[in-house]
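Colleague: Sequence lines, in order, name chains D and G.
Going from the first sequence to the numbering used here is simple: count from 1 and add 18.
Going from the second sequence to the numbering used here is simple: count from 1 and add 1315.
All C-beta atoms in this analysis are idealised placements derived from N, C-alpha and C, irrespective of residue type, glycine included.
The structure under discussion is supplied below as structure tokens; questions concerning it will follow.
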Amino acid sequence: MSHAASQGASTADSMVAFENVTKRFGGSKGQPAFTALDGVDLTVVRGGITGIIGRSGAGKSTLIRLVNGLEKASSGQVVVDGIHVGTLGESGLRDLRRQVGMIFQHFNLLSSRTAFDNIALPLEIAGMDRKAIRDRIGPLIDLVGLGDKAGRYPAELSGGQKQRIGIARALATEPKLLLSDEATSALDPETTQSILELLKDINRDLGLTVLLITHEMEVVKTIASQVAVIDKGRIVENGRTFDVFTAPQHETTQSLLSAAIGAKLPEWIRSDLKPVPAPGDRALVRLVFFGETAFQPLTARLVAEIGSDVNILAGAIDEIAGEPFGSLVVSYAADPQTLERAARFYRDTGLTTEVLGYGA
Amino acid sequence: MAPDMLFLLLWKALLQTVHMVAVAGVIGSLIGLPIGIFLATSGRGELFPAPTVNKIVGAIVNATRSTPFIILVVAIIPFTRLVTGTSIGTAAAIVPLTIATIPFVARLAESAIREVDRGLIEAARAMGATPLQIVFKVLLAEAKPGLTLALTLTLVSLVGYSAMVGAVGGGGLGDLGIRYGYQRFMPEVMLAVVVVLIVLVQAVQSSGDALARRFDKKTRKN
């Protein structure tokens, strides 16, 4: 066991650990190398759903392909369930890949095989006999809700059904980790939700660790308990999805979020905002409700506290990783007396607030 | 010419053509197909990376394909004699036909295999497939309709090529057309030959198309 010594590198509850991982492409024949990943440190919690979100070209695809060795790190370590991926040879990699399922944006089903035979492919590859394959696939195809479509070819299935077959195929070898490469990006919103529900069920019922990459905030918000935000090859923010999304620190997270969570201010308000109040200006404040505060009639009490001069500019109620979350942008007079009363109210109620600026 | 005489000539020539096309087609495909697979999978960063050998094989394939068939027939006479012990007759004609078929099939097979979605190769790799498993379970299975059309095109081209091996006494329909229809001024023989060739090519093409359609599960059929 050459890996025994290094097993301590990953903690017991981590399924995947990236340790200072850098990946460069090209760089030969005088051309400068392209750095896709730059010193990535990240832990994927065992048994959880971890989302990696970023814009296209941020390095997400490279990152997820390092996990099953489809790409090799230029430096640093990728540890999957105690195994250092970088040290594996071709046959070691094949063994690893049989324990790691993967689903794809464009499903990647064989058009020449029926749904059943597509699910059978990884088992044939692993050398399982025909009878055992049949026994394995029956329950799987029911699990993804396509028991009646076993004999259909991919061309006869809808996008959502194809992805369900892709999921069944990824689960066929009973992996401990499922990699999802933009699995819902080619699907409509409704189908996306149903696929995400399926992934959530699988995670819960089979205890399967899920690592997904996406550019859609909606996906992370719906199912990921942990999130990492990647930008230009670096992890810029990472933690519990709820924490990251309710108090985004990095500019990339904020801009990705504002599109997804409807608390974006209209341009005409935003462009006039000033950092300090002039006489007669109003304060624009974002109130964030979650946990305890999400269930209390705090807006009404705020009005009662500081007078009826409270104006609501924007707002949204949402759910992040299963927790209710509300965001409200209000404005009120920026005179010292009102500000003081508001501050006291926030302190007493534990409401999270953010002063966006001041304007007329 | 008496109709029964014409029929006999045509029948004998048709058998010779079918014989040459079938043998050259089968042997040429058996050799050409693996070369095509190699060409399609041995580029840089592909399943069996061997870019240098790939370039060399590619160059040989191109050289053979750019040699006009009639010149190939004459040029390889020593080789033909080595293989068959003679340089004239149907058996001797099969040698250049086979040699011409190999690169033809190789290039067509290569492009049919390259048509297969790269995502499928990645998916198979992610399942832990070996390169050989990828070739047989993914590439060949997915390229089957394309390969069928490639082999159909090969057979049709072989019918055309086989007309030229009359030059080395290969016989066949083309030879009959030249010797009787053209050199002996018998337009009815020429016409009959052309008609039989059209029917033959049509039959090959239609069966190939039908087979390819059957293999093709990409387009929805109801």
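Determine the direct distance from the alpha carbon of Met235 of chain D to that of Pro284 of chain D, and round the result to whole angstroms.
Modeller: Approximately 20 Å, taken between the alpha carbons.
Colleague: Here's a check: name, in chain order, each residue in its chain whose Cβ is nearer than 7 Å to the Cβ of Ala352 of chain D, leaving out the five neighbours to either side.
Modeller: Pro295, Asp299, Arg300, Ala301, Tyr376
Colleague: How many whole angstroms separate the CB atoms of Gly119 of chain D and Leu197 of chain D, which I take to be in contact at a CB cut-off of 8 Å?
Modeller: 7 Å
Colleague: Does DSSP put Gly1400 of chain G in a helix, in a strand, or in coil?
Modeller: Here Gly1400 of chain G sits in coil by DSSP.
Colleague: Below 6 Å CB to CB, which residues in the same chain sit around Gly1485 of chain G once its five sequence neighbours on both sides are set aside?
Modeller: Around Gly1485 of chain G: Thr1405, Ala1408.
Colleague: Near Trp286 of chain D, which residues of its chain fall below 6 Å by C-beta distance, leaving aside the five closest residues on each side in sequence?
Modeller: none
Colleague: Can you list the residues of chain G that Phe307 of chain D reaches, using a CB-CB cut of under 8 Å?
Modeller: Those do not exist, as Phe307 of chain D stays about 42 Å from chain G at its closest Cβ, beyond 8 Å.
Colleague: Do Leu1470 of chain G and Gly1340 of chain G have their beta-carbon atoms positioned less than 7 Å apart in this structure?
Modeller: Contact flag set, yes.
Colleague: Could you name the residues that DSSP lists as bridge partners for Tyr350 of chain D?
Modeller: D:Ala301
Colleague: Quick test of the definition: if touching needs 3 or more C-beta pairs under 8 Å, does the segment 243-259 of chain D touch the segment 77-86 of chain D?
Modeller: yes
Colleague: Does the segment 1334-1351 of chain G come close enough to the segment 353-366 of chain D that 3 or more CB-CB pairs lie under 8 Å?
Modeller: By the criterion of at least three beta-carbon pairs nearer than 8 Å, the segment 353-366 of chain D is not in contact with the segment 1334-1351 of chain G.
Colleague: Starting from Leu374 of chain D, trace the beta strand (DSSP E) both ways and give me its first and last residue.
Modeller: 370-377
Colleague: How close, in whole Å, do the beta carbons of Leu374 of chain D and Leu305 of chain D come, if the pair is a contact with beta carbons under 8 Å?
Modeller: Between Leu305 of chain D and Leu374 of chain D the Cβ distance is about 11 Å, and since that is not below 8 Å, they are no contact.
Colleague: Tell me, please, whether the CB atom of Ile155 of chain D is closer than 7 Å to any CB atom in chain G?
Modeller: no
Colleague: What whole-angstrom Cβ distance do Val97 of chain D and Leu84 of chain D have, given they're in contact under 8 Å?
Modeller: Actually they are not in contact, since the Cβ atoms of Val97 of chain D and Leu84 of chain D sit about 11 Å apart, beyond 8 Å.
Colleague: In the DSSP output, which residue or residues are listed as bridge partners for Ile253 of chain D?
Modeller: D:Ile248
Colleague: Report buried or exposed for Ser1357 of chain G, applying the criterion of at least 16 other Cβ atoms within 10 angstroms of its Cβ.
Modeller: buried
Colleague: Against Gly1434 of chain G, what residues of chain D qualify as contacts under a CB-to-CB distance less than 9 Å, listed in chain order?
Modeller: Neighbours of Gly1434 of chain G on chain D, chain order: Phe122, Gln123, His124, Phe125, Asn126.
Colleague: Can you check whether the C-beta of Gln1498 of chain G is within less than 7 Å of a C-beta belonging to chain D?
Modeller: Interface annotation, Gln1498 of chain G: not in contact with chain D, CB-CB separation never under 7 Å.
Colleague: For Ser129 of chain D, go through chain G and note every residue whose CB falls closer than 7 Å to its CB, in chain order.
Modeller: Glu1457, Lys1532, Lys1533
Colleague: Just the Cα atoms here: how many angstroms apart are Gly1400 of chain G and Pro1393 of chain G?
Modeller: 10 Å
Colleague: I want to verify the contact list: residues of chain G whose CB lies under 8 Å from the CB of Arg116 of chain D, in sequence order.
Modeller: Met1442, Gly1443
Colleague: Compare the C-beta of Gln1331 of chain G with all C-beta atoms of chain D and state if any pair is closer than 7 Å.
Modeller: Not flagged as an interface residue toward chain D: Gln1331 of chain G, since no C-beta distance is shorter than 7 Å.
Colleague: Going by the CB atoms, is the gap between Val1376 of chain G and Ala1421 of chain G shorter than 7 Å?
Modeller: yes
Colleague: Would DSSP call Asn221 of chain D helix, strand or coil?
Modeller: helix
Colleague: Can you tell me where the alpha helix (DSSP H) holding Leu106 of chain D begins and where it ends?
Modeller: First-last for Leu106 of chain D: undefined, no H or E at that position.
Colleague: Does the beta-carbon distance from Leu60 of chain D to Ala246 of chain D come in below 7 Å?
Modeller: yes
Colleague: Here's the rule I'm using: 16 or more other beta-carbon atoms within 10 Å means buried, otherwise exposed. How should Asn291 of chain D be labelled?
Modeller: The identity of residue 291 of chain D in the sequence shown is Leu, whereas the question assumes Asn. Per the 10 Å Cβ criterion, exposed.
Colleague: Suppose the cutoff is 6 Å on Cβ atoms and the five residues either side in sequence are ignored; what does the same chain contact list for Leu121 of chain D look like?
Modeller: Residue identity differs from the one stated: residue 121 of chain D is Ile in this sequence, not Leu. Correct list, in chain order: Gly184, Ile185, Ala188, Ser198, Ala201.
Colleague: Going by alpha carbons, who is nearest to Arg131 of chain D out of G:Ala1441, G:Gln1448, G:Lys1532?
Modeller: G:Lys1532
Colleague: Decide if the segment 161-172 of chain D is in contact with the segment 131-146 of chain D; the criterion is three or more beta carbon pairs, one per stretch, under 8 Å apart.
Modeller: yes
Colleague: To the nearest angstrom, report how far apart Leu195 of chain D and Leu81 of chain D are at their CA atoms.
Modeller: 15 Å
Colleague: Short of 8 Å Cβ to Cβ, which residues in the segment 137-163 of chain D face chain G?
Modeller: Leu139, Pro140, Glu142, Ile143, Ala144
Colleague: Report the neighbours of Asp113 of chain D on chain G: residues whose CB is nearer than 8 Å to its CB, in chain order.
Modeller: Gly1443
Colleague: Please state the DSSP three-state secondary structure of Leu1323 of chain G.
Modeller: helix
Colleague: Does any residue of chain G have a CB that is nearer than 7 Å to the CB of Ala91 of chain D?
Modeller: It does not; no Cβ of chain G falls within 7 Å.
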